[in-house]
Each structure stands twice: as C-alpha cells, then as structure tokens.
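Reading through the structure tokens given below for one structure.
Numbering (our numbering), first residue to last: 566 to 1020.
Below is the structure:
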C-alpha cells in the first residue's frame, strides 16, 4: 500500500498532516540527513581553515561555495541516494560520509581532501550537532512564533474583555467577581514567562570523538588545541560548546527544552479546559461555519471541538515529551543506543504540539462573548457581596461579621433587596454604608480591569 495521508500509521503524518507539514523539513528523515550533511561539510571547510592541518589545503571561496552547494542542492531525491548507500553500509551516518565523498570525487581539487570528510569524528559528533540544529530551527522558526501568535490572540482578548465582569468560580462554586479580560491576562503572563525561558535555553553541541577526549584528533595532530578548534566550529553553527561529555552530548538541554514545552503545553491545556467550561456555561458562544456539523444526530449543536482537540493533542505531546526528558539524559557508561531511537520521536512530540496549537488558535478565533449570560449569573448571585460586606464590618469593629454573613448567605440565594436591607441595619459610618449600597456583583471587581490592561 502506498504511503499517503490516508495510509499513514499516525495521525501526525495522516489526518493532521496539514497542521504538521511545517516540521517536514526539520524532523523528518530527510531533515536529519540534510543536517548531518551540513555538519560534515562545514567541518571539512573548518578543517581547511585551521592552522596546522596542512594536508587540507586552504580552500578558496569558490571551492567552499562548491562544497556547500552539495547542501544547498540537497533534495529528497538526493536523500534517497544516501538511503541507498545505507542499505549496504547498514550505518546511517557512514552513508552520509560516503555520499559526500562521491560528490567530492567529481571535483579535481576536492577529491584530494575527501578523506578529511568525517575526520576524527564518531557518529555521535555528527548526530548531536544535527539534532541541536533541528531543535534550534524548530524553536526559533516555529515554536516561538506560533506561541507568540497565541499570546497575541489572548492579549487582544484581555484588552477587549478587560471591563467585562464575570462571576468567578472556585471549587466550581460562585465566587468573587473578576473580568473575562483579567482571566485571559493570567494566561498571557504565564505563557510569556515560559516563552522567555524557552528562548534562553542553551543549545549545546560536542565534537570530541569516541569518548569525549579528542583521542583520535590528538593521535593525528598532537600539537593542535582541539578543544579550541571544536569550540570555534560549534560556535559557527550557532550552538554552545559542551566541554565535558562521553561519546554523547548528555542531552540535558534537550530535556530542559522538553520540560519547558511541557509547561507551555500544560498552560494551554488549562486554558482549553477553562474555555470549554465557559462555553458550557454560555459565557462564550462559537461562531458557526457554513457546512460544519456539530452532531450526527442533534442538528442544533455547535461543539467546542477545537478546544477538545487541543486538550487531547497537548496531552499526547506531553506524554512523549516527558519520556524524552526522562530517558535522554540517561546513558549506560560512555554510550548506548537507546537515545538514538528515542530522538526520532521528537517529530511526533512536536507534531502533536502543532496540531494542538492550530486547534487552539482556530477555537479562540471563533469565540464571541455573551455578556447577557455573564450579567445573568452576576444578577442572580447577590450573595457574592457577603465577602466585601463582612470585610467592611471588620474594619469598623462590628462583632462576628463573618458569622453574621454566613448565617445570611451560606448555601442559599440572597437577592438585591435582602442584601441591601441587611446593609441598612449595620452600625457603620454612613459613607461606608452608602458605598456598600452602591456595590453590585457586576462592579465588585477589585483591580481586575487595571490588571487586564497592564499587559
């Protein structure tokens, strides 16, 4: 059966391909091979520019451009040639090396230095840098812009709804009022903080041989400062040199990134559940889309499917990210291959992120505030004012204020007339009494409006 969106085993490459294809050139097998190619080619160029490696004559800019054109012109068809070589070698990184040597063989000058491809490297030197570059590309070009887009949507909602009062619910029960904008602002602040942390994660890389000691490097050129050469090369890639490793870069930064993404996902999952509840309560309505069906049997339904889809995929993503974060930093002695197969799941983990983010953004864009329902709940819960009234009573020394309001309101409805009649009985200054008389569930908001506008 030919592979297609209909025959793909996972929904990441199947049903939701339109939402995950942005990762196709990053986390796919093609993306991994192309990054390996980049590292190998740049290492060859770097060696040619390193004092003391006289056997690799300094390449002219024209030569360097020719070398890098191998990368620039690397297509999926060329990647298939690498896979064909791998069918014989049964070694994926060695296949890239052989592919490059085949390409250099067509150039008279470069053919002379082709044995410096993969010079002194172990496969993990190439792989760790390739994965770090993949994560850097995904973080900078997809993760950060997409999450910033969600932040922008929520910021606009916070501003638009900054003064829209809403009855809060703690433990699912009516509680002191807030504004819808303030609740959106809470999420914005949390996402901004985690996004800043994501942008500041140090992406490490290593190129130091089979067990991290530059053994092979020093055997060939004992007089050179290989840690300095390696650090310079890794810096050129936009990564940070890791000075202490075994055969593998220890993946701590990958775990850090996964944990950070888990926190970002969890905040969005929390939001999705809250919005789902607000829709259920009628605080939001959803704009209908022509042709869409909510239920196969109930024609009236407009289900909150975008938020349900987001919640489900965020959960799947977090489960995979959590395994990656726990497993990757653990390696037996100086090397085992368990990380190799697990790293290939990065695309799945972040693919479910992409599906969730797209659904969340779509869902947020379909929301419309229902102020009539918000006001209905506030007008039917005057007992919410028990808090401010007993607090003012405390200020002016009224005995047992909490207990008196508890007796009046706990577990029972109190309307405006009953609440204001109680206020009139209080022995407090007239100015304080008048302020309480002017208070309603809709205007008892503390500084919620100001907070929402302070983003």
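All C-beta atoms in this analysis are idealised placements derived from N, C-alpha and C, irrespective of residue type, glycine included. These numbers were taken from a predicted model, which means no experiment stands behind them.
* Member of 768, 780, 1019 whose CA lies at the smallest distance from the CA of residue 698 -> For the purposes of this step, residue 698 is taken as residue 133 along the chain shown, with counting starting at 1. When each option's Cα is compared against that of residue 698, the closest is 768.
* Asked: Under the rule that 16 or more other beta-carbon atoms within 10 Å means buried, what is residue 625, buried or exposed?
  -> Counting from 1 along the chain shown, the entry for residue 625 is found at position 60. Residue 625 should be labelled exposed.
* To do: Return the chain-ordered ranges of every alpha helix (DSSP H) run that is complete within the region 614–700 and spans a minimum of 4 residues.
  => 626–637, 641–654, 657–669, 673–676
* residue 708 in three-state terms, based on DSSP -> Walking along the chain shown from the start, residue 708 turns up at place 143. DSSP places residue 708 in helix when its eight states are reduced to three.
* To do: Given a cut-off of 9 Å, decide if residue 589 and residue 579 are closer than it, judged by their beta-carbon atoms.
  => Counting from one through the chain shown, the residue named residue 579 turns up at place 14. Counting from one through the chain shown, the residue named residue 589 turns up at place 24. No, the pair does not count as a contact, with Cβ atoms beyond the cut-off.
* Three or more beta-carbon pairs under 8 Å between the region 887–902 and the region 817–830, yes or no? -> yes
* **Alpha-carbon to alpha-carbon, residue 770 and residue 828** => In the chain shown, counting from the first residue as 1, residue 828 sits at position 263. In the chain shown, counting from the first residue as 1, residue 770 sits at position 205. Straight-line spacing of the CA atoms in residue 828 and residue 770 works out to 24 Å.
* Straight-line Cα distance separating residue 627 from residue 785 -> As a first step, residue 785 must be located in the chain shown, where it is residue number 220. As a first step, residue 627 must be located in the chain shown, where it is residue number 62. Near 28 Å, if we compare the C-alpha coordinates of residue 627 and residue 785.
* To do: Round the Cβ separation of residue 650 and residue 606 to the nearest angstrom and send it over; I've been treating them as touching at under 8 Å.
  => Numbered from its first residue, the chain shown carries residue 650 at position 85. Numbered from its first residue, the chain shown carries residue 606 at position 41. Cβ-Cβ separation between residue 650 and residue 606: approximately 16 Å, too far for a contact (criterion under 8 Å).
* Can the beta-carbon of residue 685 be found closer than 9 Å to that of residue 750? -> In the chain shown, counting from the first residue as 1, residue 685 sits at position 120. In the chain shown, counting from the first residue as 1, residue 750 sits at position 185. Against a cut-off of 9 Å, the Cβ pair of residue 750 and residue 685 comes out as no contact.
* Asked: Looking only at DSSP bridge pairs, what is residue 731 linked to?
  -> To locate residue 731, count along the chain shown from 1; it is residue 166. Partner(s): 743.
* Verify whether the separation of the beta carbon atoms of residue 591 and residue 912 is less than 9 Å. => Indexing the chain shown from 1 puts residue 591 at position 26. Indexing the chain shown from 1 puts residue 912 at position 347. Their beta carbons are under 9 Å apart, which means residue 591 touches residue 912 by this criterion.
* Simplified DSSP state of residue 899, which is helix, strand or coil -> As a first step, residue 899 must be located in the chain shown, where it is residue number 334. It is coil, neither helix nor strand.
* Can you tell me which of the three DSSP states residue 861 falls into? => Counting from 1 along the chain shown, the entry for residue 861 is found at position 296. Any reading at residue 861 needs caution, since the residue's pLDDT is 48, under 50, leaving its predicted position unreliable; the model's value is listed next. Reduced to three states, the DSSP call for residue 861 is coil.
* Inter-stretch contact (C-beta, 8 Å, three-pair minimum) for the region 909–926 and the region 825–843 -> Yes: at least three Cβ pairs fall under 8 Å.
* To do: Can you check DSSP and say which residues form a bridge with residue 769?
  => By 1-based counting over the chain shown, the position of residue 769 is 204. In DSSP, residue 769 forms a bridge with 805.
* C-alpha distance - residue 869 paired with residue 639, whole-angstrom precision -> Here the question's residue 869 lines up with position 304 in the chain shown. Here the question's residue 639 lines up with position 74 in the chain shown. C-alpha separation (whole angstroms): 43 Å.
* DSSP three-state assignment for residue 1010, whether helix, strand or coil -> Against the chain shown, residue 1010 aligns to sequence position 445. Correct three-state label for residue 1010: coil.
* Residues of its chain near residue 664, where Cβ-Cβ distance is below 7 Å and the 5 sequence neighbours each way are ignored -> The sequence position of residue 664 within the chain shown is 99, counting from 1. 646, 647, 650, listed in sequence order.
* Asked: Should residue 1020 and residue 754 be called a contact, given that it needs their Cβ atoms to be closer than 9 Å?
  -> The count along the chain shown starts at 1 and reaches residue 1020 at position 455. The count along the chain shown starts at 1 and reaches residue 754 at position 189. Yes; because the gap between Cβ atoms is below 9 Å, this pair is in contact.
* So, residue 837 versus residue 925, is the Cβ gap smaller than 9 Å? -> Translated into the one-based positions of the chain shown, residue 837 becomes position 272. Translated into the one-based positions of the chain shown, residue 925 becomes position 360. Closer than 9 Å, so yes.
* Asked: Measuring CB to CB, does residue 756 end up less than 9 Å from residue 799?
  -> Stepping through the chain shown from its first residue, residue 756 is reached at position 191. Stepping through the chain shown from its first residue, residue 799 is reached at position 234. No, the Cβ-Cβ distance between residue 756 and residue 799 is not below 9 Å.
* From the DSSP output, read off the bridge partner residues of residue 850. => For the purposes of this step, residue 850 is taken as residue 285 along the chain shown, with counting starting at 1. Answer is 933, bridged to residue 850.
* Helix, strand or coil: which one does DSSP assign to residue 1003? -> Counting from 1 along the chain shown, the entry for residue 1003 is found at position 438. Reduced to three states, the DSSP call for residue 1003 is coil.
* Assigned secondary structure, residue 567 (DSSP; H/G/I helix, E/B strand, else coil) -> Stepping through the chain shown from its first residue, residue 567 is reached at position 2. In this structure, residue 567 counts as coil in the three-state DSSP scheme.
* From residue 642 to residue 689, what distance separates their C-alpha atoms? -> The count along the chain shown starts at 1 and reaches residue 642 at position 77. The count along the chain shown starts at 1 and reaches residue 689 at position 124. Answer to the nearest angstrom: the Cα atoms are 25 Å apart.
* Asked: When we look at the beta-carbon of residue 854 and count the other beta-carbons within 10 Å, is it buried (16 or more) or exposed?
  -> Numbered from its first residue, the chain shown carries residue 854 at position 289. It counts as exposed.
* **Host alpha helix (DSSP H) of residue 736 (start-end)** => Start at 1 with the first residue of the chain shown, and residue 736 comes out as number 171. First-last for residue 736: undefined, no H or E at that position.
* **Straight-line gap, residue 775 to residue 811 (C-alpha atoms, nearest Å)** => Here residue 775 is taken as the residue at index 210 of the chain shown, counted from 1. Here residue 811 is taken as the residue at index 246 of the chain shown, counted from 1. Spanning the two alpha carbons is a distance of roughly 8 Å.
* Whole angstroms is fine: what's the gap from residue 722's alpha carbon to residue 615's? => In the chain shown, residue 722 corresponds to position 157, counting from 1. In the chain shown, residue 615 corresponds to position 50, counting from 1. The straight-line gap from Cα to Cα measures roughly 55 Å.
* With residue 744 and residue 1017 assumed to form a contact (beta carbons below 8 Å), what rounded beta-carbon distance in angstroms separates them? -> Here residue 744 refers to the residue found at position 179 of the chain shown. Here residue 1017 refers to the residue found at position 452 of the chain shown. Confirmed, about 6 Å.
* **Terminal residues of the alpha helix (DSSP H) in which residue 588 lies** => Taking the chain shown and counting its residues from 1, one reaches residue 588 at position 23. Segment: none, residue 588 is in no alpha helix (DSSP H) and carries neither H nor E.
* Asked: Do you know offhand how far residue 939's Cα is from residue 577's?
  -> Here residue 939 is taken as the residue at index 374 of the chain shown, counted from 1. Here residue 577 is taken as the residue at index 12 of the chain shown, counted from 1. Just so you know, the alpha carbons of residue 939 and residue 577 end up roughly 38 Å apart.
* **Under 9 Å between C-beta atoms of residue 601 and residue 678** => Position 36 of the chain shown holds residue 601. Position 113 of the chain shown holds residue 678. No, these two residues do not count as a Cβ contact at 9 Å.
* Asked: Start and end of the alpha helix (DSSP H) containing residue 576?
  -> The count along the chain shown starts at 1 and reaches residue 576 at position 11. Careful: residue 576 lies outside any alpha helix (DSSP H) and carries neither H nor E.
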